Each structure stands twice: as C-alpha cells, then as structure tokens.
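Data first, discussion second: the structure below is written as structure tokens.
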Amino acid sequence: MQSSYLAKNLAACDSVLIFAATVGVGIDRLIAKYGRISPTRSVMMDALGGERVEALCDEFCEDFALGNNVSLKPRFSPGFGDLSLSTQRDIFAVLDCPRKIGLSLNDSLLMSPAKSVTAFVGIVGKSSRPEVDGIAGQNSQSE
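Written out as structure tokens, the structure is:
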C-alpha cells in the first residue's frame, strides 16, 4: 500500500485506527425496489443511505475519540487521493469484514452492502491538534 496523501495525513499520529462500517443490506433492497417503481424515491433512498453511513462513521469516530481521550485526523478511505481502491482487499483481510459484519467485496472492489465505508483514521494525543488535510475529504477515483 503506497499513498503519499495517506502518509502525510498520518505523519504526526501516534497510531492508526482502521475500521469498516455498514448500514446493512436493507437500504440496498429499498434502492432496488424503488428503482423499479419510482426512480425519484430510489435516488432519495440512495442519498439517505449515504448520509446514514457517513453519520454512523462520524458517531463512531467521535465516540472513539471521547472514550480514549484522543484527537482524530479526518477519515481517509481507499479511493481517496492516491490511495488505491485495491487497499480494500488488505482492510477486508485484516478486519475479517465478511464474518464480523457481513460486508463483502466483489472483483471490481465494490462493497456489498453498498452503503458501507472502510477507513484509516490517525490517532493523536489530546495535546496535539489534528490538521485537516484537504485531500482527505475528496474522492478522486471513481468507485
């Protein structure tokens, strides 16, 4: 795994948190159902699912930071900047995503359920202030 952006994002960190999150297959089913009967509702369900998984990740990171008295850098996921989407394979192997949370990865490196996230988060002590790296919030590779 090589990424100059991830290395920069994690440069001042004491350790790294790697996690996976999903809102489950239910939203995928709703998106597919409405895709057949109401494209507008399908798009709304898709947006809602995306918002929910992001909120889940935000809550997880906030709880982790508060519970461990640390500060966190912004999440950085495969497909961001120069971090290859193929990094998903490594994350899935380390976290055992299929067994632990029912998250699978297809040959095109897309996750199922679709509304899922894998990410690296830099951990810094409370005395350090995380510096927001603008690239961390940008997805420059198509998924």
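In my numbering, the protein residues as written are 732 to 874. All residues carry an ideal CB built from backbone N, CA and C; glycine is no exception. This one's a predicted model, so the numbers in the text were calculated from it and none came from an experiment.
Leu816 (DSSP reduced to helix, strand or coil): Coil, per DSSP.
Contact check, Gln819 vs Leu834, beta carbons under 8 Å: Going by C-beta atoms, Gln819 is not nearer than 8 Å to Leu834.
8 Å Cβ shell around Ser781 - same chain, five flanking residues per side excluded: Checking the sequence, you will find Gly at residue 781 rather than Ser. For Gly781, the CB contacts under 8 Å within the same chain, skipping 5 residues up- and downstream, are Lys846 in chain order.
Cutoff 7 Å; reference Asp813; Cβ partners in own chain excluding five residues on either side: Non-local C-beta neighbours of Asp813 in its own chain, meaning closer than 7 Å and more than five positions away in sequence, comprise Ser734, Ser735, Tyr736, ordered along the chain.
Three or more C-beta pairs below 8 Å linking the segment 748-756 and the segment 847-856: A contact exists between the segment 748-756 and the segment 847-856.
Euclidean distance between Cα positions of Pro740 and Gly856: According to the sequence shown, residue 740 is Asn rather than Pro. Our two residues, Asn740 and Gly856, have alpha carbons roughly 15 Å apart in a direct line.
Beta-carbon proximity of Ile832 to Thr753, cut-off 8 Å: Result yes, Cβ atoms of Ile832 and Thr753 sit closer than 8 Å.
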